[in-house]
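Take a look at the structure below.
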Amino acid sequence: GPLAFGNALESSVEDDDEADSIPDFYGKPAILGLERCAAFRETTSEFRRAATAGLFNTGTNLLTNLVRKNCVVDKACPEKMPQKQKMAMMARGECIGYPFQVPWGKHNPLHFRGRHVVDRLDHFNISEVLPAVLVKDPLTWARSMCRTPYAARFGRGSCCPSPLDPNRLRAMRNVTVNFKKGFPMERYAHLLDFWNSWYAQYYNTAIPRLIVRYEDLLFAPKRTVRAVCECVGGKLRRDFDSFSDAAKFGRGHGGGDGTGRASALSRYASEATRYANL
């Protein structure tokens, strides 16, 4: 069925065409958590910022770069300034940037929040960081994990993922993930339990957060980035850049399986491809 949840995005006239381009089998564009945005803005300072989180192979770098490029916020650091100088200015409280991930690590479970800090992000006040959590259709995500599991370890047969076949499902059982050295190994019953358990923490938390579908980001980037940007009090640039020449930024950050945006659009628009090998 459609992968739809949360609140329908507020649309503007120029965003309507994007919404129409989302394949019907994904349902209408939606983001979870928009109802918490007003309270987040009211209880935080002008140094609040959104930051990306999400499992491996969900397009986290794509979201990070789209927001960095297209969202204008107060106290923004100069665009052409070297990154080290920007980090120093942010540490001194002189400007605001868009961090490349949540301070506790974008791929780490939410329970790392307050227990671990990524290098160079220790000056962020985590109560003023709004996680923008990217989630991908579990069927296509499982296939991506079978190709490139990153820190996850599980059996991968020739028919991986095949979550609908009880016999083949055994190949995906006993998933272990070593998110960070010095922290206990995380264990999951199988690959889809990994997906469910990881996102359940963000789904059930009371802290402000947005849960964003990768499919909405891919097919309706302007509409989706606008919602993330406005949630933290920013404004979308008029000359929106959708990074049409690339849907993935750097090895190990699954935003399009290493291909350009045009190829990703074609792949994820196919319902037959979505159900292949199940």
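To convert, note that position 109 of the sequence shown is 89 in my numbering; the numbers rise steadily by one, no gaps. The beta carbon of each residue, even a glycine, is placed where N, CA and C say it ideally should be.
Starting from P111, follow its DSSP beta bridges and name the residues at the other end.
-> Taking the sequence shown and counting its residues from 1, one reaches residue 111 at position 131. Answer is A31, bridged to P111.
Check the DSSP bridge columns for T156 and list the partner residues they point to.
-> Position 176 of the sequence shown, counted from the start, is the residue given in the question as residue 156. Beta-bridge partners of T156 (DSSP): R133 and R167.
CB-CB under 8 Å to H91, same chain, minus the five flanking residues each way: which ones, in chain order?
-> If you number the sequence shown from 1, residue 91 lands on position 111. A distance below 8 Å between beta-carbons, with the five flanking residues on each side excluded, links H91 to the following residues of its chain, in chain order: Q181.
Where the beta strand (DSSP E) through L198 begins and ends | On the sequence shown, position 218 is the one that residue 198 refers to. Run containing L198: none in the beta strand (DSSP E); it sits in the alpha helix (DSSP H), Y194 to F199.
DSSP three-state call for I106: helix, strand or coil?
-> By 1-based counting over the sequence shown, the position of residue 106 is 126. Under the three-state reduction of DSSP, I106 is assigned to helix.
What residue from E59, S1, K8 and D4 has the CA that sits closest to V192's CA?
-> Walking along the sequence shown from the start, residue 192 turns up at place 212. Checked all of E59, S1, K8 and D4; the closest Cα to V192 is K8.
For the putative contact between N45 and V205, defined by C-beta atoms under 8 Å, what is the C-beta separation to the nearest angstrom?
-> As a first step, residue 45 is located in the sequence shown; it is residue number 65 there, counting from the start. As a first step, residue 205 is located in the sequence shown; it is residue number 225 there, counting from the start. Actually they do not touch by this definition, with Cβ atoms about 10 Å apart.
Take R254 as the anchor and find which of M67, L216, R189 and L119 has the nearest alpha-carbon.
-> The sequence position of residue 254 within the sequence shown is 274, counting from 1. Checking every option, the nearest Cα to that of R254 belongs to L119.
First through last residue of the beta strand (DSSP E) which encompasses L12 = Translated into positions along the sequence shown, residue 12 becomes position 32. Looking at the DSSP string, the run of the beta strand (DSSP E) that includes L12 is A10 to L12.
For I2, the residue or residues it bridges with in DSSP = As a first step, residue 2 is located in the sequence shown; it is residue number 22 there, counting from the start. As computed with DSSP, I2 is found in no beta bridge at all.
Are at least three pairs of beta-carbons, each pair with one atom in the region 60 to 72 and one in the region 115 to 131, less than 8 Å apart?
-> As far as the Cβ criterion goes, the region 60 to 72 does not touch the region 115 to 131, which means the pair count is below three.
Pick out the complete beta strand (DSSP E) segments inside the region 22 to 85, 3 residues or longer, and give them in chain order.
-> Along the length of the region 22 to 85, whole beta strand (DSSP E) runs at least 3 residues long occupy 29 to 34, reported in chain order.
Are there 16 or more other CB atoms within 10 angstroms of the CB of E15, so buried, or fewer, so exposed?
-> Against the sequence shown, residue 15 aligns to sequence position 35. Exposed: under 16 other Cβ atoms inside 10 Å.
Rounded to a whole number of angstroms, what is the C-alpha to C-alpha distance between M259 and C75?
-> This structure does not reach residue 259, given that the chain is present from -19 up to 258, and the question cannot be answered.
Could you tell me how far apart the beta carbons of A33 and V113 are, in whole angstroms, since I believe they sit closer than 8 Å?
-> Your numbering for residue 33 matches position 53 in the sequence shown. Your numbering for residue 113 matches position 133 in the sequence shown. Under the criterion of beta carbons closer than 8 Å, A33 and V113 qualify as touching, at roughly 5 Å.
Alpha carbon to alpha carbon, how far is P111 from R189? Give it in angstroms, no decimals.
-> Position 209 of the sequence shown, counting from 1, holds the residue named residue 189. Position 131 of the sequence shown, counting from 1, holds the residue named residue 111. The alpha-carbon of R189 is positioned some 5 Å away from that of P111.
Environment of K116 [buried if 16+ CB atoms lie within 10 Å] = Taking the sequence shown and counting its residues from 1, one reaches residue 116 at position 136. By the 10 Å Cβ count, K116 comes out buried.
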